[in-house]
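Shown next, in structure tokens, is the structure this report addresses.
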């Protein structure tokens, strides 16, 4: 059976915790897209971790962690990440890397930095991790696939060809030092030594696992609104953030994905530029940011302060629809316990008309939030284990949002730990 854990919004929804929790009953966890440009924060018995490439189920000794072909693989970062967890007494994980995976090259990171520098005030708010240049090269068919590391003749020829192309841009557009082919080839040899022990045909491995009745968990990075087709283009990432892409990015038939757990925060947050209709500012935002998450709302990879906002029903309904949601995991509900009343964005006003449908970016830029205020519960809900024990106003908040988005909230997270989860049977679930 295949399950996917994906985000409904801008990313940072708490997918890492949900994946870590569900991985207890999974055999294989697969990262299927994105790179080390965003992170998942995990709190478990070993401590607090920020993962960037490794799947969030890596802390269980019975699981296999897979880097799928859709991932932007930065090999030195992956190696450093493996060391960062084993140095803290986490058992050495079993890791497989797809031979069809493509590699983030050192020049991708440089090109990312140079382009943001060139654009100045009109930049895309990139994390400068090389992700956009990586995917540009992948689709321009000049990327380096892991399998190519093991064909020396091909590698040498390709290094010369790629350097010739890149150096024209470096010299004449960015006015930066050129890439030397011999240095690039030496780097690729180092990458080969680092990754060789992990490489396999992941698609064939997963096909066999499914024949044996294994449970596979697909872990997405970021969320619907950062998808290059269906998100807030152009302020998006460069790979599809949708569960549907999990089939492609892992090498699975799409019909194998039976459950899609879409993660929503009980409020909104975002890292980076782009439309964010329910955004709040000033002291109100600072207070929510300080209280949010586990130790505050700051990017797990970048450390940047996240932009804050109230729950956005319009964006979340759209996000869940595009993901094909079967279950909603509703996270960080405990954070809102300090508020007397909690605003919720229930519609967008665009040119004097109110809509509950998420629009294209040019209309989104003009949208103003239509807010409805719900009474708060004014207490700490951490430690509660059953839905019925939650304060009435807290349950009302969950049920109001569920009604607005139209998808069943079956998990409610009320703290950062693995055990801080409440399972609930939603009236929206099929009987």
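Residue numbers (the working numbering): 60 to 490. Just so it is clear, CB atoms sit at the ideal spot from N, CA and C, and this is done for glycine as well. Remember, it's a predicted structure, so these values are computed and weren't measured experimentally.
Whether or not the region 118-131 and the region 87-95 are in contact is what I'm after, with contact meaning three or more pairs of Cβ atoms, one per stretch, closer than 8 Å; do they touch? yes
So residue 428 is in the beta strand (DSSP E); what residue range does that whole segment cover? 427-434
Quick one: complete beta strand (DSSP E) runs, 3+ long, within the region 336-377? 366-368
Per-residue DSSP class, three states only, for residue 490: For residue 490, the pLDDT reaches just 47, beneath the cut-off of 50, and the residue's location in the model is therefore unreliable, leaving the point undetermined.
Can the beta-carbon of residue 327 be found less than 7 Å from the beta-carbon of residue 356? no
Tell whether a beta-carbon distance below 7 Å holds between residue 65 and residue 279. yes
Using the three-state DSSP reduction, which class does residue 231 fall into: helix, strand or coil? helix
Take residue 420 and list the residues in its own chain whose beta-carbon comes closer than 7 Å to its own, dropping the five residues that flank it on each side. 291, 292, 334
Whole angstroms are fine: how far does the CA of residue 436 sit from the CA of residue 396? 6 Å
Confirm, please, whether the CB-CB distance from residue 190 to residue 96 is below 7 Å. yes
Just verifying my parser: in three-state terms, what is the DSSP assignment at residue 412? strand
When DSSP labels each residue in this structure, what does residue 46 get in the three-state scheme? Outside the displayed range of the chain (60 to 490) lies residue 46, so it cannot be described from this structure.
Tell me where the alpha helix (DSSP H) around residue 75 begins and ends. 74-81
Per DSSP, the bridge partner or partners of residue 100: 109
Quick one: what's got a C-beta closer than 7 Å to residue 441's C-beta in the same chain, skipping five residues either side? 393, 473, 474, 479
From which residue to which residue does the alpha helix (DSSP H) around residue 454 run? 451-464
Who are residue 90's beta bridge partners in DSSP? 126, 278
Within its chain, find whatever has a CB closer than 7 Å to the CB of residue 73; leave out the 5 residues flanking it on each side and keep chain order. 322, 324, 390, 391, 472
Cβ atoms of residue 464 and residue 376: under 7 Å apart, would you say? yes
Residue of 308, 87, 144, 120 minimising C-alpha distance to residue 109: 144
Can you tell which of 98, 122, 172, 422 has the C-alpha that lies nearest to the C-alpha of residue 80? 122
Which of the three DSSP states, helix, strand or coil, is assigned to residue 62? strand
Just grab the DSSP bridge partners of residue 258 for me. 156
Do you know offhand how far residue 103's Cα is from residue 476's? 6 Å
Backbone CA spacing between residue 388 and residue 320 [nearest angstrom]: 7 Å
Looking at the structure shown, is residue 406 part of a helix, part of a strand, or coil, going by DSSP? strand
With DSSP run on the structure shown, which of helix, strand or coil describes residue 329? strand
Evaluate residue 203 with the Cβ neighbour count: other Cβ atoms within 10 Å of its Cβ, from every protein chain shown; 16 or more gives buried, anything less gives exposed. buried
Measuring straight from C-alpha to C-alpha, what distance separates residue 449 and residue 481? 10 Å
Out of 399, 138, 384, state which residue places its alpha-carbon closest to the alpha-carbon of residue 151. 138
Inter-residue spacing [alpha-carbon to alpha-carbon] between residue 75 and residue 255: 27 Å
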